[in-house]
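Trainee:
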Amino acid sequence: MGRAVTVATCALNQWALDFEGNLERIFRSIDIAKSKGARYRLGPELEICGYGCSDHYYESDTLLHSFQVLEKLLESPATQDIICDVGMPVLHRNVRYNCRVIFLNKKILLIRPKISLANAGNYRELRWFTPWSKARHVEEYFLPRIIQEVTGQETVPFGDAVLATKDTCLGAEICEELWAPNSPHIEMGLDGVEIFTNSSGSHHVLRKAHARVDLVNSATAKNGGIYILANQKGCDGDRLYYDGCAMISMNGETVAQGSQFSLDDVEVLVATLDLEDVRSYRAEISSRNLAASKVNPYPRVKVNFALSCPEEVAVPTCMPIQWRHHSPEEEISLGPACWLWDYLRRSKQAGFLLPLSGGIDSSATACIVYSMCHQVCLAVKNGNADVLADARRIVNDETYIPEDPREFCKRVFTTCYMASENSSQDTCNRAKLLAEQIGSYHITLNIDAAVKAVVGIFSVVTGRTPRFSVYGGSSRESLALQNVQARIRMVLAYLFAQLTLWARGMPGGLLVLGSANVDESLRGYLTKYDCSSADINPIGGISKTDLKNFIQYCIENFQLTALRSIMSAPPTAELEPLVDGQVAQTDEADMGMTYAELSIYGKLRKIAKAGPYSMFCKLINMWKEICTPREVASKVKHFFRMYSVNRHKMTTLTPSYHAENYSPDDNRFDLRPFLYNTSWSWQFRCIDKQVNAL
Numbered sequence: 001m002g003r004a005v006t007v008a009t010c011a012l013n014q015w016a017l018d019f020e021g022n023l024e025r026i027f028r029s030i031d032i033a034k035s036k037g038a039r040y041r042l043g044p045e046l047e048i049c050g051y052g053c054s055d056h057y058y059e060s061d062t063l064l065h066s067f068q069v070l071e072k073l074l075e076s077p078a079t080q081d082i083i084c085d086v087g088m089p090v091l092h093r094n095v096r097y098n099c100r101v102i103f104l105n106k107k108i109l110l111i112r113p114k115i116s117l118a119n120a121g122n123y124r125e126l127r128w129f130t131p132w133s134k135a136r137h138v139e140e141y142f143l144p145r146i147i148q149e150v151t152g153q154e155t156v157p158f159g160d161a162v163l164a165t166k167d168t169c170l171g172a173e174i175c176e177e178l179w180a181p182n183s184p185h186i187e188m189g190l191d192g193v194e195i196f197t198n199s200s201g202s203h204h205v206l207r208k209a210h211a212r213v214d215l216v217n218s219a220t221a222k223n224g225g226i227y228i229l230a231n232q233k234g235c236d237g238d239r240l241y242y243d244g245c246a247m248i249s250m251n252g253e254t255v256a257q258g259s260q261f262s263l264d265d266v267e268v269l270v271a272t273l274d275l276e277d278v279r280s281y282r283a284e285i286s287s288r289n290l291a292a293s294k295v296n297p298y299p300r301v302k303v304n305f306a307l308s309c310p311e312e313v314a315v316p317t318c319m320p321i322q323w324r325h326h327s328p329e330e331e332i333s334l335g336p337a338c339w340l341w342d343y344l345r346r347s348k349q350a351g352f353l354l355p356l357s358g359g360i361d362s363s364a365t366a367c368i369v370y371s372m373c374h375q376v377c378l379a380v381k382n383g384n385a386d387v388l389a390d391a392r393r394i395v396n397d398e399t400y401i402p403e404d405p406r407e408f409c410k411r412v413f414t415t416c417y418m419a420s421e422n423s424s425q426d427t428c429n430r431a432k433l434l435a436e437q438i439g440s441y442h443i444t445l446n447i448d449a450a451v452k453a454v455v456g457i458f459s460v461v462t463g464r465t466p467r468f469s470v471y472g473g474s475s476r477e478s479l480a481l482q483n484v485q486a487r488i489r490m491v492l493a494y495l496f497a498q499l500t501l502w503a504r505g506m507p508g509g510l511l512v513l514g515s516a517n518v519d520e521s522l523r524g525y526l527t528k529y530d531c532s533s534a535d536i537n538p539i540g541g542i543s544k545t546d547l548k549n550f551i552q553y554c555i556e557n558f559q560l561t562a563l564r565s566i567m568s569a570p571p572t573a574e575l576e577p578l579v580d581g582q583v584a585q586t587d588e589a590d591m592g593m594t595y596a597e598l599s600i601y602g603k604l605r606k607i608a609k610a611g612p613y614s615m616f617c618k619l620i621n622m623w624k625e626i627c628t629p630r631e632v633a634s635k636v637k638h639f640f641r642m643y644s645v646n647r648h649k650m651t652t653l654t655p656s657y658h659a660e661n662y663s664p665d666d667n668r669f670d671l672r673p674f675l676y677n678t679s680w681s682w683q684f685r686c687i688d689k690q691v692n693a694l
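If you're matching positions, the sequence shown starts at 1 in the UniProt record's numbering and goes up one per residue.
What follows is the structure, given as structure tokens:
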């Protein structure tokens, strides 16, 4: 009987279609696993090609290059004497599957296709793959010739099977299968599988990590066993940040925890565990053993290899640990910062430019960039050669070492306050002080000349001059004048992003950062093609409430005292004329609702799947202490009118870091029409009938 087994799992920062880079990171993870004595190595889902290939999965090139990478792995001495479990797409009988390819010593042991595909929220796996629906069934898979030449095998097992080594039995799950109500690990565990593996492509959402950890631990709490989870990490080319959290659990308790956020491209966890602990744990669960006696057995692929060494009887094994979760404020500080770093280094740009207004949203965005600079300096201090090489390339200095976050921020981050005659001196001062404290290269400019020139063109053509409502103009005139200011700021942001470094005698260009939060996007409280239009937006999936808490976190942890006055000021767009030199316009008055209410509407609309009538029914109970049914009805109607009138703005929304499950992102996550009947006549009539009855 085998006792102590040493297994490895990893979190890799793979990049869609970066076959060369992906291969290098896989090799590094295998080298680290072997150096720590592991006999089995698990990698993330679809790690060979990168998870986020999307419609590139349709291309035969993606399949071809995946097999070419597999060929390199199979023939390398680095993969000898360790079971390697890698992920890639495989075409079997003209059907495309999301697969694990498990091999040992130049022989493929099993190709295991995914059974339950992720197809909700940001996931669209059914668009590209077909689930394997033949439970406990194995077929012959005919290998491509380039693989046959390495392995000497013509066919290999393909299907729902488990591996039987000399000392234990392993069964694979792939990402979504852990979350499914009928997870394979249940039946596999009853059939004697002792080690469960899960290769994931699971992205970050605020407050989600505990759910993943709880699922892994509960998988073995009832049934006993060892559960190994690998995950993608980083930005692999789109709005998602995959947050690592590789882990190993035994009998319901975590024994190894990987980081959730880091700039390390390769992170490997290794644990040595005693199989006898699994067997003794299962021995006393009579209900489990009764069910096991009746289970339908899995096909077993026999492997002439052991994960344990019989002579190592007294080898020390890993003990349970307490999982350390980040607070939401820490998640905001770290997740979007890592996402920005990946985007910056992979886009080969020289830094970021942010229109800094002195308000909460743009200030929070600036703080996230500052946090990124902290992470870079910390990674370099800890010996991360990849981060150092990227930093040197970004600043165009082969001898540079980033040691001070403020100094690094000055090199890679430009902030710009774009004043107008409607801007207050207070916001100008707040923006300047924050820029000084984080170290950004700060520009202050005035847009009035450009605004007057654009409005002047209109006046010359039409013979009419629009006025703000405070000067006797209509609401149409006032809104148009506000939009001109907002859109000119966007044009100037891109001009300065392209040419600021040129003007300073430095190479490269800057990525423009947007700073519209998730609640403003939901309500449509933004000008189409204004400063919300940017290259990327790190806070576009974060609520105003969470951003305020994050600002407080930055005051305490980064000692950014400039944020105190920003926190205490009412949010304002500063697009209407000042009254006695003071801001008269506020966001919540303009919107006709508070940010707290917006968050509730967003969660009910998206997460609770509530239309106008259902939302009204829920809110009359939630708000019964503060609103009458008629007031609730009025609020719900106003939200849905504004949401539907402005939904078209979501079609051009800047790509944003996905952090909330009520995000209105129109690209993939929240699929809705953008031309609505904004009267909602039938739905609102149902609400009115209930109001009258109440």
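Here a beta-carbon is modelled for each residue, glycine too, at the ideal position from N, C-alpha and C.
Looking at C-alpha atoms only, which residue of R28, S29, L73 and N98 is the closest neighbour of T62?
Mentor: The candidate whose alpha carbon is nearest that of T62 is N98.
Trainee: Of the residues L560, D519, S347 and A221, which one's Cα is nearest the Cα of S363?
Mentor: Comparing Cα positions, the closest option is L560.
Trainee: At least one CB of chain B closer than 8 Å to the CB of E331: is that the case?
Mentor: The structure shown contains no chain B; it is built from a single protein chain.
Trainee: Which one of V278, G358 and V295 has the shortest CA to CA distance from S568?
Mentor: Checking every option, the nearest Cα to that of S568 belongs to G358.
Trainee: Between L74 and F103, which are expected to be in contact by the criterion C-beta below 8 Å, what is the C-beta distance as a whole number of angstroms?
Mentor: With a Cβ gap of about 6 Å, L74 and F103 count as contacting.
Trainee: Note down, in chain order, each residue of its chain lying with its Cβ closer than 6 Å to the Cβ of D666, except the 5 sequence neighbours on either side.
Mentor: Within the same chain, D666 has close Cβ partners M650 and T651.
Trainee: Just to confirm my understanding: we take L513, look at its own chain, exclude 5 residues before and 5 after, and list those with CB closer than 6 Å. What are they?
Mentor: Once the five neighbours on either side are set aside, the close Cβ partners of L513 are F352, L354, T365 and A534.
Trainee: Quick one: which unbroken beta strand (DSSP E) runs of 3-plus residues sit fully inside the segment 153–215? Chain order, please.
Mentor: Correct list: 155–159, 162–164, 169–174 and 195–200.
Trainee: Select from S469, W132, K134 and V156 the residue whose C-alpha is nearest the C-alpha of E140.
Mentor: Nearest of S469, W132, K134 and V156 to E140, Cα basis: V156.
Trainee: In three-state DSSP terms, what is E24?
Mentor: Three-state DSSP puts E24 in a helix.
Trainee: State yes or no: is the C-beta of T572 within less than 8 Å of the C-beta of Q585?
Mentor: Result yes, Cβ atoms of T572 and Q585 sit closer than 8 Å.
Trainee: Looking only at its chain, what residues have a beta carbon closer than 6 Å to the beta carbon of F261, apart from the 5 residues adjacent to it on each side?
Mentor: Only L334, G335 and C338 meet the Cβ criterion.
Trainee: Quick one: complete beta strand (DSSP E) runs, 3+ long, within the segment 419–487?
Mentor: Correct list: 441–446.
Trainee: Going by alpha carbons, who is nearest to A135 out of V295, R487, P507 and I146?
Mentor: The shortest Cα separation from A135 among V295, R487, P507 and I146 belongs to V295.
Trainee: Taking the C-alpha atoms as reference points, what is the distance between L126 and L117?
Mentor: Answer to the nearest angstrom: the Cα atoms are 7 Å apart.
Trainee: When you compare only the Cα positions, how much space is there between C245 and S308?
Mentor: Straight-line Cα distance between these residues: approximately 26 Å.
Trainee: With respect to the beta strand (DSSP E) encompassing T678, which residues constitute its N-terminal and C-terminal limits?
Mentor: Segment: none, T678 is in no beta strand (DSSP E) and carries neither H nor E.
Trainee: Within the same chain, show all residues whose beta-carbon is closer than 8 Å to that of R300, passing over the 5 residues directly before and after it, in chain order.
Mentor: These residues qualify, in order along the chain: A161, V162, L163, A164 and C169.
Trainee: Only counting the same chain, and skipping five residues up and downstream in sequence, which positions put a Cβ closer than 7 Å to that of H210?
Mentor: Hits under 7 Å: H325.
Trainee: Taking R629 as part of the alpha helix (DSSP H), name the residues at either end of that continuous run.
Mentor: The residue asked about is misnamed: residue 629 is Pro in this sequence, not Arg. Note, P629: alpha helix (DSSP H), P629 to N646.
Trainee: Rank L344, V645, K618 and E187 by C-alpha distance to the C-alpha of F292 and give the top, closest one.
Mentor: Note that residue 292 corresponds to Ala in the displayed sequence, not to Phe. It is E187.
Trainee: Can you check which of these residues, Q683, D243, K689 and M642, is closest to L675 by C-alpha distance?
Mentor: Nearest C-alpha to L675: M642.
Trainee: Using three-state DSSP, classify A11 as helix, strand or coil.
Mentor: Three-state result, A11: strand.
Trainee: Give the straight-line distance between the Cα atoms of T545 and Y553, rounded to the nearest whole angstrom.
Mentor: Whole-angstrom Cα-Cα distance: 13 Å.
Trainee: Excluding sequence positions up to five away, which residues of its chain have a Cβ less than 7 Å from the Cβ of W132?
Mentor: Cβ within range, chain order: Y97, P113, K114, I115, G159 and D160.
Trainee: Assign S35 to one of three DSSP states: helix, strand, or coil.
Mentor: Three-state result, S35: helix.
Trainee: Kindly indicate which residue of P629, S35 and G234 has the alpha-carbon position closest to the one of C617.
Mentor: Cα-wise, what sits closest to C617 is P629.
Trainee: Just the Cα atoms here: how many angstroms apart are Q232 and Y343?
Mentor: Taking the straight line from one Cα to the other gives about 16 Å.
Trainee: Please list the segments of the alpha helix (DSSP H) lying wholly inside the segment 313–368, counting only runs of 4 or more residues, in order along the chain.
Mentor: With a minimum length of 4 residues, the continuous alpha helix (DSSP H) runs that stay inside the segment 313–368 are 328–347.
Trainee: Where Q482 and V255 are concerned, what is the direct C-alpha to C-alpha distance, given to the nearest angstrom?
Mentor: Each residue's Cα considered, the two are about 57 Å apart.
Trainee: From V90, I83 and E173, pick the residue whose C-alpha is nearest to that of F142; which is it?
Mentor: Minimum Cα distance to F142 is reached at V90.
Trainee: Taking Cβ positions, are N422 and E576 nearer each other than 8 Å?
Mentor: Taking 8 Å as the Cβ cut-off, N422 and E576 qualify as a contacting pair.
Trainee: Whole alpha helix (DSSP H) runs in the segment 371–397 with 4 or more residues, listed along the chain?
Mentor: The qualifying runs are 385–395.
Trainee: If you follow the alpha helix (DSSP H) that I285 is part of, which residue opens it and which one closes it?
Mentor: Taken as a continuous stretch (DSSP letters only), I285 belongs to no alpha helix (DSSP H), as it is neither H nor E.
Trainee: Report the rounded CA-to-CA distance for C373 versus C686, giving the unit in angstroms.
Mentor: Distance between the alpha carbons of C373 and C686: 53 Å.
Trainee: Among residues of its own chain, excluding the 5 on either side of G171, which ones have a beta-carbon nearer than 6 Å to its beta-carbon?
Mentor: V162, M188, V193 and F196, listed in sequence order.
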